[in-house]
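*Asks:*
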Amino acid sequence: MRAASSPVPAMLAAPSAAAVAKPLPAPRSSTALHATAASASATSSSRRDVLAGTGLGAALLLALSPCVGAARAAADEEYVSETKEVIGKVRSTISMEKTDPKVADAVTELREMSNSWVAKYRREKGLLGRQSFRDMYSALNAVSGHYISFGPTAPIPNKRRVRILEEMDSVEKSLQRGR
Numbered sequence: 013m014r015a016a017s018s019p020v021p022a023m024l025a026a027p028s029a030a031a032v033a034k035p036l037p038a039p040r041s042s043t044a045l046h047a048t049a050a051s052a053s054a055t056s057s058s059r060r061d062v063l064a065g066t067g068l069g070a071a072l073l074l075a076l077s078p079c080v081g082a083a084r085a086a087a088d089e090e091y092v093s094e095t096k097e098v099i100g101k102v103r104s105t106i107s108m109e110k111t112d113p114k115v116a117d118a119v120t121e122l123r124e125m126s127n128s129w130v131a132k133y134r135r136e137k138g139l140l141g142r143q144s145f146r147d148m149y150s151a152l153n154a155v156s157g158h159y160i161s162f163g164p165t166a167p168i169p170n171k172r173r174v175r176i177l178e179e180m181d182s183v184e185k186s187l188q189r190g191r
């Protein structure tokens with residue numbers, strides 16, 4: 013036999029053990045909350061007072077500044093040298109003749125070099141706003157896109173080649189200006 017069907021849905025008929033709400037914990041007294049906040053602000057302001065009073069904060073900033081500046085300068089020199097190296101490779105590769113037997117190998121080297129350059133520098137937030145980075149990225153995108161679409165032995169059309177070479181000139185000028 014079938015059990016009689018109730019006109020009340022099962023969920024509304026009787027609450028299950030999982031549906032019973034547990035009571036919320038008792039709220040903390042407002043004086044306890046204020047005491048905790050007061051001790052935290054007293055601790056932080058006393059640390060500030062100590063750092064400001066002893067000049068330790070200023071000494072730390074001065075001590076660390078040359079290290080940061082030197083590291084940035086070294087990274088900047090590395091960016092400039094690697095970018096110039098990629099520029100040279102782009103120019104030599106796109107100016108090769110279609111009949112040159114080494115063109116496929118040169119394109120493969122260029123794609124590897126450009127992929128590593130992009131992978132290394134696109135995460136550097138300080139470089140993203142630079143004109144040299146934007147122009148170089150655009151040129152590498154045009155070159156890679158051409159060779160991906162048409163193969164490593166397809167010559168770059170003259171109009172595209174001229175634009176890429178203009179972007180390379182622009183990158184070099186930007187690098188000389190520190191941009």
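When we follow my numbering, the leftmost residue of the sequence shown carries the number 13, and every step to the right adds one.
We put the beta carbon where it would ideally sit given N, CA and C, even for glycine.
(1) The alpha helix (DSSP H) that contains residue 146, what's its start and end?
(2) Do residue 106 and residue 183 have their C-beta atoms closer together than 8 Å?
(3) Measure from the alpha carbon of residue 103 to the alpha carbon of each residue in 191, 190, 186, 172, then state which is nearest.
(4) Apart from the five residues on each side of it in sequence, which residues of its chain come closer than 8 Å, Cβ to Cβ, to residue 168?
(5) Using the Cα positions of residue 137 and residue 129, report the straight-line distance between them to the nearest angstrom.
(6) For residue 180, I'd like the list of residues in its chain whose CB is within less than 7 Å of its CB, leaving aside the five on either flank, ordered along the chain.
(7) Put residue 111 into one of helix, strand or coil per three-state DSSP.
(8) Can you tell me which of the three DSSP states residue 70 falls into?
(9) Please work out which residues of its chain come closer than 7 Å, Cβ to Cβ, to residue 144, disregarding the five sequence neighbours upstream and downstream, and give them in chain order.
(10) Does the Cβ of residue 139 have 16 or more other Cβ atoms within 10 Å, making it buried, or fewer, making it exposed?
*Replies:* Well, looking at it:
(1) Looking at the DSSP string, the run of the alpha helix (DSSP H) that includes residue 146 is 143-162.
(2) If you check the CB distance, residue 106 and residue 183 do not come in under 8 Å.
(3) That would be 172, whose Cα lies nearest to the Cα of residue 103.
(4) Answer for residue 168: 106, 155, 158, 176, listed in chain order.
(5) Whole-angstrom Cα-Cα distance: 15 Å.
(6) Apart from the 5 residues on each side of it in sequence, residue 180 sits with its Cβ closer than 7 Å to the Cβ of 99, 102, 103, 151 in its chain, given in chain order.
(7) Coil.
(8) Note that residue 70 scores 49 on pLDDT, short of 50, meaning its location in the model is unreliable; the coordinates nonetheless yield the value given after this. Here residue 70 sits in helix by DSSP.
(9) Counting only Cβ-Cβ distances below 7 Å, and skipping sequence neighbours, we find 95, 183, 186, 187, 191.
(10) With 16 or more Cβ atoms within 10 Å of its Cβ, residue 139 is classed as buried.
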